[in-house]
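Numbering (this note's numbering), first residue to last: 1 to 108. Yeah, the Cβ is synthetic: ideal placement off N, Cα and C, and Gly gets one too. All values reported here derive from a predicted model rather than from experimental measurement.
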């Protein structure tokens, strides 16, 4: 059986790439930059989802102690934002589809 430490390098590379991907995706989410203190009217809550993810990239203590507790909420925020964008696009398409038959009738 292989030494489990053999995979430490590839696992660390994947972790770093996953955090970078999350950071890039989170950059497009407007609400990710909003400070927790402002959102929840609580000055003791420091940072924002964006700064929390940056801290996980930079600080090994945070990275080791809370990887899932950081990546899961960031992922959920990204998915929710993308779902919102899809719903907005679907609504625009529905409006265009309703207008299309009217425009075709007028041109005949």
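Between residue 70 and residue 52, the gap from beta carbon to beta carbon is short of 7 angstroms. When C-beta atoms of the region 26–34 are compared with those of the region 48–63, three or more pairs fall below 8 angstroms, so the two segments count as touching. A straight-line Cα-Cα distance of about 16 angstroms links residue 4 and residue 14. For secondary structure counted as the alpha helix (DSSP H) over 4 or more consecutive residues, the region 32–108 holds these complete runs in sequence order: 36–39, 49–58, 60–65, 67–107. Per the Cβ contact rule, the region 86–102 is not in contact with the region 38–46 (fewer than 3 Cβ pairs under 8 angstroms).
Approximately 7 angstroms separates the beta-carbon atoms of residue 49 and residue 73; this is inside 8 angstroms, confirming the contact.
If you draw a straight line from the Cα of residue 89 to the Cα of residue 16, it comes to about 32 angstroms.
DSSP places residue 21 inside the alpha helix (DSSP H), whose first and last residues are 8–27. Within the same chain, 48 come within 6 angstroms of residue 35 by CB-CB distance, once the 5 residues on both sides are set aside. Taking the CA atoms as reference points, residue 75 sits about 10 angstroms from residue 19.
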